[in-house]
Every structure is written in C-alpha cells, then in structure tokens.
Amino acid sequence: MRKIKWTLWLTLAVVTLAWLASDSPFPRPATVFSLRQVWIQYTGLIAIAAMSIALVLANRSCELEKSLGGLDKMYRLHKWLGIGGLTFSVLHWLLVKGVKWAVGWGWLVRPQRGPRPPVTSSVEQFLREYRGLAETVGEYAFYAAVVLIVLALIQLFPYRWFAKTHKWLAVLYLALAFHTVALLRFGYWSAPAGALVAVLLSIGIVSAVRVLAGHVGVKRKVEGRIASLTWYPGLRVLKTVIDLGAGWPGHASGQFAFVTSDRNEGAHPYTIASAWDPRVPQVVFCKKELGDHTSGLKDRLTAGMPVTVEGPYGRFTFADQRTHQIWIGAGIGITPFVARMKELALHPDRRHRIDLFHTTTDFSQEAIDQLVADARAAEVRLHLLVDSKHGKLNGERIRAAVPDWGGASVWFCGPPGFGEAVRNDLVAHGLDRADFHQELFQMR
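Residue numbering for the sequence shown follows the numbering used here, beginning at 920 and increasing consecutively.
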C-alpha cells in the first residue's frame, strides 16, 4: 500500500513541479480571468498525466508489477489514478465552463481583450487552427469518460459489461491527447511542462493502441482444457482443474491468473489453488459464487471445454526473512494458502514455522477434511474457526492463540475491510507494518 500511495503522490508532485517551473500560479494582475487561464492548464496537466500512467498500468507490464509489488497493487494504483484523473478533469471543466456561465448570468464582466501578439511560429499557427475542434472533441470525450469511469466504480455494474466498456476509455484517451496537444499553452512546449507532456502522451498513446489492438498479456496466454469440475454445495465453490498447453512458465503459490472460458464474457481473475509440477502441467482454481459471473459457472462449464489462461501474476508468494509466518485465509481467501501447503508437501521448507487461521461462514466437511490433510502434509499448524460455532476472528484472538506472534510476518487474503481491521490491531500492538502482507484482489 505504501508503494501505491508514494507513486500516486509522486506523480502529482512531478507534474506540479514541472508546471511551476513553466508558469506562475499567481499571475499579475491576479484576476478571475488571469487565474482561470493558468489553473485550466494545471488541472488539464494533472488529468492527462493520471490518465496516461493509468493506461500504462493497464498493459500489465511484468517490470512494473515487480516494482509495485504485484498486479493487484498495480490495479489499485490504476483505480486511484482514474479517480484522480476524473477529479481534476471535473475541476478543469468547471474552470472552463463556470466562468462562462458567470459571465452569461451577469455575475462577472469579461475584460476587453487587447490585440493578440503576432504568431511567428508555423507550428503554433497550425495548432491554433485546430483549437475549436480540440475544444469540442475534448468536451464530449470528457462527458463520455465521466460515464465510463463512474460505471467502473459501481460494483453492481456487471463485470462483463465493465470489461467491454472500460476498454473504450483508450479511445477517449486518444481524443483527449489531441485536445491536450492543441490547447496546451504554446510556451509550455519549450519548458519542463512541455517535455513532461510529450513523454506522458507518447507512453499513453502507445499503451492505448496496445489495449485497443488486444495486445495486453498476449505473450502470457496459453491454451488449456478443463480436466475436471467439482462442486462443493456447502461452500458454493466450484473447483476447476485445467490441463495446460505448451508455454506456461510455471507459477509460485499465491499467484493468480486470468481465465477466459467465453469470449463474450471476457477474462476473469482467479487465485491459483495448486502447486506447480512441470511433470503434470495443470492449474487448479476454486471459484466461489459471489457475483453474476461466478454464480453461473457450474452450469456453463463442462469437462473438456477449451479455455485460455493468462499469467501468472501477483507477488503474494510468501517470500520474506522471518522464520515464523502467520497466515489468515478468510472464506475463499484460503485459496493461496492451499496452494502453498501443496507446494510445501512436495518441497518441504524447514526454515519457516507456520500458523494458519481459516475463518469461514460456510461449512463443508469434505473441504475441511481436505484442508486438514493439506495442513498436516505441509506441517502447518491449523486454526479453524467457523463463525456460527466459534465467533468472529480478530487480532486479539490471533495474538492469544500465537503468543510469540510479534516476531512473525502476517499474510492475509480475504475481505479488504477485515484485513484492514486485523492489520490495524496487530500494528497497534507492535507489528511492523512492513510485515503485514495483504492480497488486494480487486480488479476494479
């Protein structure tokens, strides 16, 4: 989370510094109209910068994933950049429209314009010819982007429609890039702000074209076929075993992949619930009925069906320097820990002592028996809590069950709010925040 926050604030700081090095935030004389012109430029710069970097992140770069701590962190940053871009776009629009409205309502009087300085640059003259078109294109692209970003933030909006409509933001970005080039103050192009905009637009346009051309993740996709399906009615979980074709590089326990079983539905992310064995190239996914897509999988999927698997992604791989680890898997969040236990059964790790807490609302004796067997094979100490019998798990119960918890690292996968509550409790009692690892498994 710290990397996400630092990257977000660093983006805002770099753009702000470039703008301050290129213009004065308080021109003389400081009037509504002179300030408006300067701050229109600033809000536009922040908005296009946020959108440019968000598009870069949408390309799922392996290098950026490593730097930011996993694709889940990248998508959280992508989300906040989208919100930031939307916020500054609205401010930009209000500065443009608000003063015009105030003049029209008689609240402000527009000052008389003096003669414009002669244009000596053929490039500036060329850009001026497209100002009117750029203003119109930018305005309508803004309206469309607001709608699409708001839809992306509404969790009730079906994922399959989100995936399709969200892609159109790349088209709108290209329109807004044209708007930026034509309407950026010409003097900025020979200043730090112009150099920064040129870099941002270059990487943003390339990223947008890649998204529209369907090149995202293409090198990490392999074809597979469903080998078997197991339905656990008590848990409302579907276990899917997939035989993989050539090209899968292997995966670490705790990673996830995107699976496409229906092109119209698109790719959906799932945590991998199996250890990698190159002799048996398979991946296992456990999918809980949580939404419109997962609720119908047991009826749509069949053994032998072809699927596409893209990955692996994620850095939730249990790598740290502590000799004691505490795992917390809430509900379907147990999945990465199941994969790790299966890996430990094949390749024992004598360096770590592990306590696993699994708390669940739903109960299946068959699944619990399998979990107990996996924990025993991996030499993991299992703490099982069924909410209806044992009550809710919290930081206090974890500290009581593991007296020497303070020297351990904590790995959490489950509902974000629950994870935050546990983290805050343990940190308040002395845990180093850097020792709390949480999978932010939300792709929107």
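Here a beta-carbon is modelled for each residue, glycine too, at the ideal position from N, C-alpha and C.
Original post:
Taking one C-beta from the stretch 1179-1196 and one from the stretch 1119-1132 each time, how about it: are there three or more such pairs within less than 8 Å?
Top reply: No: fewer than three Cβ pairs fall under 8 Å.
**OP:** Output the distance between the C-alpha atoms of V1130 and V1156, rounded to the nearest integer angstrom.
**Re:** So the two alpha carbons sit approximately 32 Å from each other.
Subject >> Cutoff 6 Å; reference V1346; Cβ partners in own chain excluding five residues on either side >> reply: Around V1346: R1352.
Subject >> Where R1300 falls: helix, strand or coil (DSSP) >> reply: Strand at R1300.
Original post:
Closest to V1238 by CA distance: which of Q1357, I1287, F1337, W1020 is it?
Top reply: Before going on, a small fix: residue 1238 reads as Ala here, not Val. Its Cα nearest to that of A1238, the residue Q1357 stands out among Q1357, I1287, F1337, W1020.
Subject >> Residue from P948, E1184, G1004, G1143 whose Cα sits closest to the Cα of P1200 >> reply: Shortest Cα-Cα distance from P1200 to any of P948, E1184, G1004, G1143 involves G1143.
**OP:** Round the Cβ separation of H1302 and L1275 to the nearest angstrom and send it over; I've been treating them as touching at under 8 Å.
**Re:** Correct: roughly 7 Å between the Cβ atoms.
**OP:** Please classify K1158: does DSSP put it in a helix, a strand, or coil?
**Re:** The answer is strand: DSSP assigns K1158 an E or B state.
Subject >> Nearest candidate by alpha-carbon position, reference H1277, set A1294, P1267, E1048 >> reply: Nearest C-alpha to H1277: A1294.
**OP:** Put T1236 into one of helix, strand or coil per three-state DSSP.
**Re:** T1236 falls in the coil class under three-state DSSP.
Original post:
Starting from L1275 and walking both ways along the beta strand (DSSP E), at which residues does that stretch end?
Top reply: Per DSSP, L1275 belongs to the beta strand (DSSP E) from 1272-1279.
Original post:
In whole angstroms, what separates the C-alpha of G1230 from that of V1141?
Top reply: When rounded, the distance between both Cα atoms is 9 Å.
Original post:
Under the three-state reduction of DSSP, which class applies to H1187: helix, strand or coil?
Top reply: In this structure, H1187 counts as strand in the three-state DSSP scheme.
Subject >> Q1031 - DSSP class collapsed to helix/strand/coil >> reply: When secondary structure is reduced to three states using DSSP, Q1031 falls in the coil class, being assigned neither helix nor strand.
**OP:** Would you mind listing the alpha helix (DSSP H) stretches within the stretch 1074-1125 that are 4+ residues and don't spill past its ends, in chain order?
**Re:** With a minimum length of 4 residues, the continuous alpha helix (DSSP H) runs that stay inside the stretch 1074-1125 are 1078-1085, 1088-1102.
**OP:** Using three-state DSSP, classify W999 as helix, strand or coil.
**Re:** Of the three classes helix, strand and coil, the one that applies to W999 here is helix, per DSSP.
Original post:
Does the beta-carbon distance from Q966 to H997 come in below 8 Å?
Top reply: It is worth fixing the name first, because residue 966 is Ala in this sequence and not Gln. Result no, Cβ atoms of A966 and H997 do not sit closer than 8 Å.
Subject >> 8 Å CB neighbourhood of R1219 in its chain, flanking five on each side removed >> reply: Short of 8 Å from the beta carbon of R1219, and not among the five residues preceding or following it, lie these beta carbons of its own chain, in chain order: S1180, D1181.
**OP:** Going by CA-CA distance only, name the one from A1021, K1261, C981, A969 that's closest to S1008.
**Re:** Per the Cα distances, A969.
**OP:** Can you give me the start and stop residues for the beta strand (DSSP E) that G1143 sits inside?
**Re:** Unbroken beta strand (DSSP E) run through G1143: 1140-1151.
**OP:** Evaluate C981 with the Cβ neighbour count: other Cβ atoms within 10 Å of its Cβ, from every protein chain shown; 16 or more gives buried, anything less gives exposed.
**Re:** C981 should be labelled exposed.
Subject >> Spatially closest choice to W1195 from P1168, Q1244, G1185, by CA coordinates >> reply: Taking W1195 as reference, the option from P1168, Q1244, G1185 with the minimal CA-CA separation is P1168.
**OP:** Please go through the same chain and pick out, in chain order, the residues whose beta-carbon is closer than 6 Å to the beta-carbon of S941, but skip the five residues on each side of it.
**Re:** Once the five neighbours on either side are set aside, the close Cβ partners of S941 are Y1107, A1110, P1111, A1112.
Original post:
What whole-angstrom Cβ distance do L964 and V1116 have, given they're in contact under 8 Å?
Top reply: Between V1116 and L964 the Cβ distance is about 7 Å, and since that is below 8 Å, they are a contact.
Subject >> Cβ neighbour criterion (16 or more within 10 Å) applied to D1323 >> reply: Classification for D1323: exposed.
Subject >> Pick from G1336, V1065, T1159, E1315 that is closest to H1348, judged by C-alpha positions >> reply: Minimum Cα distance to H1348 is reached at E1315.
Subject >> CB of P1255 within 8 Å of CB of F1235, strictly >> reply: A contact, by the Cβ cut-off of 8 Å.
Subject >> Range of the contiguous beta strand (DSSP E) that encloses I972 >> reply: Run containing I972: none in the beta strand (DSSP E); it sits in the alpha helix (DSSP H), 951-977.
Original post:
With a CB to CB cut of under 7 Å and the five nearest residues on each side skipped, what residues in its chain are close to G1312?
Top reply: According to the sequence provided, residue 1312 is Leu. The question's Gly does not apply to it. For L1312, where only same-chain residues beyond five positions count, the Cβ hits under 7 Å are F1276, T1278, L1304.
Original post:
If you drop the 5 nearest sequence neighbours on each side, which residues of the same chain put their C-beta closer than 7 Å to that of F1282?
Top reply: Take F1282, set aside five residues on each side of it, and the residues of its chain with a beta-carbon closer than 7 Å to its own are G1153, V1305, in chain order.
**OP:** State the beta-bridge partners of G1252 as determined by DSSP.
**Re:** G1252 is bridged by DSSP to nothing; it lacks a bridge partner.
Original post:
Which value, in whole angstroms, describes the spacing of the CA atoms of T1084 and E1058?
Top reply: Computed Cα separation, rounded: 19 Å.
Subject >> Nearest to V934 (by Cα), restricted to the options P1030, V1118, Q1031 >> reply: Taking the Cα of V934 as reference, the smallest distance to any Cα among P1030, V1118, Q1031 is reached at V1118.
Original post:
Cα separation between G1001 and D1288?
Top reply: Taken atom to atom, the span from the alpha-carbon of G1001 to that of D1288 is near 44 Å.
Original post:
Can you check whether the CB of A1064 is closer than 8 Å to the CB of L1091?
Top reply: Between L1091 and A1064, the C-beta gap is smaller than 8 Å, which places the two residues in contact.
**OP:** Tell whether a beta-carbon distance below 8 Å holds between G1338 and H1243.
**Re:** No, Cβ-Cβ distance for G1338 and H1243 is not below 8 Å.
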